[in-house]
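Its first residue numbered 1, the sequence shown is counted upward by one per residue in the UniProt record's numbering.
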Amino acid sequence: MATYVIGDVQGCFDELQRLLEHIEFDAQQDQLWFAGDLVNRGPKSLEVLRFVKELGGSAVCVLGNHDLHLLATWSTGGKKKLKNDLQPIFDAPDRDELLEWLCLRPLMHTTPEFDFCLIHAGLPPQWDLTQALACAQEVESVLADQRCREHYFAEMYGDKPNLWSEDLGGQERLRFITNCFTRLRFCTQDGHLALDEKGAPGSQKKGLLPWYLVPGRQSENIKLLFGHWSMLGYHHEANTWALDTGCLWGGELSALRIDVEPPVLYAIDCPCQRKPG
Numbered sequence: 001m002a003t004y005v006i007g008d009v010q011g012c013f014d015e016l017q018r019l020l021e022h023i024e025f026d027a028q029q030d031q032l033w034f035a036g037d038l039v040n041r042g043p044k045s046l047e048v049l050r051f052v053k054e055l056g057g058s059a060v061c062v063l064g065n066h067d068l069h070l071l072a073t074w075s076t077g078g079k080k081k082l083k084n085d086l087q088p089i090f091d092a093p094d095r096d097e098l099l100e101w102l103c104l105r106p107l108m109h110t111t112p113e114f115d116f117c118l119i120h121a122g123l124p125p126q127w128d129l130t131q132a133l134a135c136a137q138e139v140e141s142v143l144a145d146q147r148c149r150e151h152y153f154a155e156m157y158g159d160k161p162n163l164w165s166e167d168l169g170g171q172e173r174l175r176f177i178t179n180c181f182t183r184l185r186f187c188t189q190d191g192h193l194a195l196d197e198k199g200a201p202g203s204q205k206k207g208l209l210p211w212y213l214v215p216g217r218q219s220e221n222i223k224l225l226f227g228h229w230s231m232l233g234y235h236h237e238a239n240t241w242a243l244d245t246g247c248l249w250g251g252e253l254s255a256l257r258i259d260v261e262p263p264v265l266y267a268i269d270c271p272c273q274r275k276p277g
């Protein structure tokens, strides 16, 4: 049995199928881990959602920021702006079934078989594995409750608070946790999030570091797999593996096989579907 971790698909269904053919994926034996952002911007988000859901136990997917935006638009009755690429999902007869399924996806995934953990974006330097899993569970429990998640989605957006404290509570605590797992790229050495920085390492303002390079990061002993950062591309450093290789922007769609040592990267070229911006 092989286990592959796939970077941001973002509605690129045809490219996903080509990648699975390339790695000779066997749904009866193999496992796929998706690093979030199954949807948005690409042409076939509906098909991607249906496909991953139908894989059942053969697939794991953590939530990304684009997945959460889709769920927020749905949960708030369209009060949040719907992106055109997502309209086919809202028009689909199985919309509610698909989005209820998506609501129950985790923010962080790990298993006893591997010492790898899967997230979409990043972790603040103050969190170790135990803290990260506990924080993920806080948001996951809200998403699983229809009444609670309506309020959560209505208040989810925003860049504050930007520093972790155990004293954080309510929606501010949930927003900080969500921003770490689904939006983080850069932060200061003491863990202040810089959510407006989206470029490649080296382009950031003075005093900022990629989250995985903060000295003394409490999660540095965990093998962390993440997506979200297409400007970073495939990158292995400091016990982390970045897997968003920019399929949507004409780059590649990648799969990292993690049940072998060392892990093996597979990738396919993708035609450019969107211009950055």
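Every residue, glycine too, gets a C-beta built ideally from N, C-alpha and C.
By a beta-carbon distance limit of 8 angstroms, Leu163 does not contact Gly122. Their separation comes to about 14 angstroms.
In the structure shown, His235 adopts extended strand secondary structure according to DSSP, grouped into three states.
Between Ile268 and Arg185, the alpha-carbon positions lie close to 25 angstroms from each other. DSSP places Asp91 in the uninterrupted alpha helix (DSSP H) bounded by 87–91. Closest by C-alpha distance to Arg50, out of Gly64, Pro93, Glu24, is Pro93. A residue is called buried when at least 16 other Cβ atoms come within 10 angstroms of its Cβ; Gln31 meets this threshold and is buried. Residue nearest to Gln87 within the set Cys61, Gly42, Ser58 is Gly42 (criterion: CA-CA distance). Thr111 sits in coil when the DSSP states are folded into three classes, being neither helix nor strand. The beta carbon of Gln131 is closer than 8 angstroms to those of Gln218 in its chain, skipping five residues each way along the sequence.
Sixteen is the threshold: when 16 or more other Cβ atoms of the shown chains lie within 10 Å of the Cβ of Glu252, as they do, the residue is buried. Within a 10 Å sphere around the beta-carbon of Cys148 sit fewer than 16 other beta-carbons, which makes this residue exposed. Counting of Cβ neighbours within 10 angstroms places Lys206 among the exposed residues, the total staying below 16. In this structure, Phe153 sits near Leu71, with a CB-CB distance shorter than 8 angstroms.
Taking Asp128 as the centre and dropping the five residues before and after it, the same chain places the C-beta of Gln218, Ser219 closer than 7 angstroms to its C-beta, in chain order.
In the same chain as Ala136, and ignoring 5 residues on each side of it, the C-beta atoms closer than 6 angstroms to its own belong to Leu107, Met108, in chain order. In terms of Cβ geometry, Leu224 and Thr240 form a close pair [threshold 8 angstroms]. Within the UniProt domain "Calcineurin-like phosphoesterase" (3–139), the beta strand (DSSP E) runs of at least 3 residues that lie entirely inside it are, in chain order, 3–6, 31–34, 59–61, 116–118. Approximately 5 angstroms separates the beta-carbon atoms of Leu46 and Ile89; this is inside 8 angstroms, confirming the contact.
Rounded to whole angstroms, the separation of the alpha carbons of Glu172 and Pro161 is 6 angstroms. Taking 8 angstroms as the cut-off, the Cβ atoms of Asp67 and Leu102 count as close.
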